[in-house]
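Novice: Those letters in the sequence shown? Residues 0 to 552, per numbering that gives the first Met the number 0, in order.
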Amino acid sequence: MEWLNGLLTTQSALQTIVVLSLICSAGLALGKVRVGGISLGVAFVFFIGILAGHLGLEVNAQMLDYAETFGLVVFVYMLGLHVGPNFFGSLRHEGMELNLWSFAIIALGTVMALGLATATSVSLPDMVGVLCGATTNTPALGAAQQALSQLGLPSGSAALATAVTYPLGVLGVIVVMVLMRRFFVKPEDLELRHDDEDKTFIAQFVVVNPALNDKTVAEVSSLSHLRFVISRLWRNEQVLVPQADTRLKLHDNILVVTTKDDVQTLEMLFGEKVETDWNRERIDWNHVDSKVESRILVLSRRVLNGKRLGQLQLRHTYGVNVSRVTRGDVKLLATDNLRLQYGDRLVVVGEPKALDHVERFLGNAVQTLNEPNIAAIFLGIILGLALGTIPLSLPGMSSPVRLGIAGGPIIMGIIVGSLGPRMHFISYTTRSASLMLRQLGLSLYLACLGLDAGRDFFQTVMRPEGILWIGLGALLTIVPVFVVGLIALRTRRYDYGTICGILCGSMANPMALGYASDTTKGDTSGIAYASVYPLGMFIRVVIAQMLIVFFAT
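(1) Should residue 169 and residue 408 be called a contact, given that it needs their Cβ atoms to be closer than 8 Å?
(2) Locate the beta strand (DSSP E) running through residue 227, then write down its first and last residues.
(3) May I have the straight-line CA-CA distance separating residue 349 from residue 304, to the nearest angstrom?
(4) Smallest Cα separation from residue 479: which of 242, 452, 172?
(5) Closest to residue 186 by C-alpha separation, out of 476, 520, 532, would be which residue?
(6) State whether the stretch 96-115 contacts the stretch 433-445, with contact taken as three or more CB pairs (one from each stretch) at a distance under 8 Å.
(7) Give the DSSP-derived three-state secondary structure of residue 212 in the structure shown.
(8) Since residue 56 contacts residue 450 with CB under 8 Å, what's their CB separation in whole angstroms?
(9) Using the Cα positions of residue 117 and residue 342, report the straight-line distance between them to the nearest angstrom.
(10) Which runs of the alpha helix (DSSP H) fall wholly inside the stretch 445-490 and span at least 4 residues, in chain order?
(11) Consult DSSP for residue 102 and reduce its assignment to one of helix, strand or coil.
(12) Just checking, does the stretch 248-256 make contact with the stretch 199-209 on the three C-beta pairs under 8 Å criterion?
(13) Mind checking residue 372: buried by the 16 CB within 10 Å criterion, or exposed?
(14) Run the CB neighbour count on residue 566, radius 10 Å, all protein chains shown included, and call it buried at 16 or more, exposed below.
(15) Assuming residue 446 contacts residue 52 under a Cβ cut-off of 8 Å, what Cβ separation, rounded to an integer in Å, is found between them?
(16) If you draw a straight line from the C-alpha of residue 108 to the C-alpha of residue 131, how long is it?
(17) Where does residue 500 land, buried or exposed, given buried means 16+ other C-beta within 10 angstroms?
(18) Could you tell me which of 378, 325, 99, 7 sits nearest to residue 532, measuring between CA atoms?
(19) Have a look at residue 176 and residue 482 and give me their C-alpha separation to the nearest angstrom.
(20) May I ask you to list the residues that DSSP assigns as paired with residue 44?
(21) On the three-state DSSP scale, how would you describe residue 526?
(22) What is the DSSP secondary structure of residue 334, reduced to helix, strand or coil?
(23) Check whether the stretch 222-231 and the stretch 257-275 touch, using three or more Cβ-Cβ pairs below 8 Å as the test.
(24) CB-CB under 6 Å to residue 553, same chain, minus the five flanking residues each way: which ones, in chain order?
(25) Tell me where the alpha helix (DSSP H) around residue 325 begins and ends.
(26) Contact check, residue 497 vs residue 80 under 8 Å by CB: the rounded distance?
(27) Report, in whole angstroms, the separation of the C-beta atoms of residue 174 and residue 477, which I expect to be a contact under 8 Å.
(28) Roughly how many whole angstroms lie between the Cα atoms of residue 62 and residue 7?
(29) Nearest by alpha-carbon distance to residue 507: which of 27, 538, 454 is it?
(30) Would residue 313 be called buried (16 or more neighbouring beta carbons within 10 Å of its own) or exposed?
(31) Just tell me which of 374, 15, 375, 404 has its CA closest to the CA of residue 385.
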């Protein structure tokens, strides 16, 4: 058994991999165990890491720091890349409101920290350390230490306070989410408030509005600000694929792809809506009529990445209609202004021979999409880390602020995922590869974090001030998150997943996000997290310095 003991205790690159793999595998396995209907998922890796550290397992400090940094960077960059395509649309619609909820959590925690510092024997520098640990924000601790150093004040106890309160800061957000779901969340709160997976709606209309008789499809479209695509037209026994110059006649039956909110207005425009459900999951479109075929084609020609759909001139050149575009799990309306991305799946309607020509034009090489673009991922990580090191000087601040190794990559991932096609940058990654890299990065980060915290955790807790710090940290973690989360839940404006994303993002807590993603529907938690995390993290860094500068002297 000496070889096994050496494998676990003799510090080397091999031993580091073995120890971290052991922690991850045990944590992920135990994370699937449900107690009272609740499982912690990937979050359990953190607690196995603490146990391993407490039992004396150690790895080389530099290798541990590398593995922790690499895991966090991979996780946050892939998260940003994943939510990027829908990020700016979400930000325009409700992003500011999401950030306001995040600011409420930050403001309440800050006010509580000042009040607790006054009411207890804890000095303000130590309370700032407690606040940084309770909100799992090490960049804020770094900013506070710089401010203390410039004021000639010691910063060692602030760092120790952060180390003690950090583990419960990580756990506290999960505790709040578990309690909310157990006692306050209703079944309707778990349903998505906004259908983020399908932004299209298919409806059938009969043209009975005399004003539209003999009008072309282009002319009808210009009469309204609504966005819609007429994919099929039935006239007597004839089936047509409408083009821009196709003229509508009274009593034409048309199949229209639009948004759900615009159906009522389109009914007023065309005159009559046919009560047929064209949105059920399983419809064999090729049996709807025999002369027109519907085919799903994948955009795999790199030269078309970033092109607007209207630029391809598919209607004019091939006589076909593109009714919808599926990107990931999101169905988008195929308007001429829609910018296409590598890997998009286009629903094309037309005659079989025309569809064969379109298939060759678009590529439809499904096999090539099974290979993730690894080079683009590494390039994005490099750019994200560079962005995170840029110093940002703010008026009144004694030292510059940086986005850091978490803020830079997640912002760059969002930029690449959202704007990459505009620059003809291939950022496509398969869903399975994206999920695997996110889980791998998060597991590695949590294993390192737990192993490092577990080494001195219990000894520090037994210090005279340790228990007080832990109690104060628990209050600063749980109370703001629970109060604001419950208010947000009661407003019924958001689904539970979105609220979880706000809570995790405002507390800069990727482990809690992993738990939220495992236990909620869709990607709403990830999108909300990415929406509030960058600005929330930045504000906490500024607040930490302001508390020291204005209240510690």
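Each residue gets a CB set at the ideal place from its N, CA and C atoms; glycine is no exception.
Specialist: Considering the structure as presented:
(1) It is not a contact, given that the beta carbons lie outside the stated cut-off.
(2) Segment: none, residue 227 is in no beta strand (DSSP E) and carries neither H nor E.
(3) It is roughly 23 Å from the alpha-carbon of residue 349 to the alpha-carbon of residue 304.
(4) Nearest option by C-alpha distance: 172.
(5) Nearest option by C-alpha distance: 520.
(6) As far as the Cβ criterion goes, the stretch 96-115 does not touch the stretch 433-445, which means the pair count is below three.
(7) The answer is coil: DSSP assigns residue 212 none of H, G, I, E or B.
(8) About 7 Å separates the two Cβ atoms, so the contact holds.
(9) C-alpha separation (whole angstroms): 57 Å.
(10) 456-460, 463-490, all fully within the stretch 445-490.
(11) It is helical.
(12) Yes, they touch.
(13) When all chains shown are included, residue 372 counts as buried.
(14) In the structure as shown, the chain starts at 0 and stops at 552, and residue 566 therefore has no counterpart that could be examined.
(15) Their Cβ separation, rounded to whole angstroms, is 10 Å, which puts residue 446 and residue 52 out of contact at 8 Å.
(16) The alpha-carbon atoms of residue 108 and residue 131 are separated by roughly 11 Å.
(17) Residue 500 comes out buried.
(18) Across the set 378, 325, 99, 7, the C-alpha of 99 shows the shortest separation from the C-alpha of residue 532.
(19) If you take the alpha carbons of residue 176 and residue 482, they lie about 12 Å apart.
(20) Per DSSP, none; premise fails for residue 44.
(21) Looking at residue 526 - three-state DSSP - the assignment turns out to be helix.
(22) The answer is coil: DSSP assigns residue 334 none of H, G, I, E or B.
(23) Using a Cβ-Cβ distance cut-off of 8 Å, the stretch 222-231 and the stretch 257-275 are in contact, since at least three pairs of beta carbons, one from each stretch, lie closer than that value.
(24) Nothing can be reported for residue 553, as the shown portion of the chain is limited to 0 through 552.
(25) Membership of residue 325 in any alpha helix (DSSP H) is not indicated; the residue belongs instead to the beta strand (DSSP E) covering 320-326.
(26) The Cβ separation is near 20 Å, so there is no contact.
(27) Confirmed, Cβ separation roughly 7 Å.
(28) Within the model, the alpha-carbon separation for residue 62 versus residue 7 is close to 15 Å.
(29) Out of 27, 538, 454, the CA that lies nearest to the CA of residue 507 is found in 538.
(30) Buried: at least 16 other Cβ atoms inside 10 Å.
(31) For the residues 374, 15, 375, 404, the minimum Cα distance to residue 385 belongs to 404.
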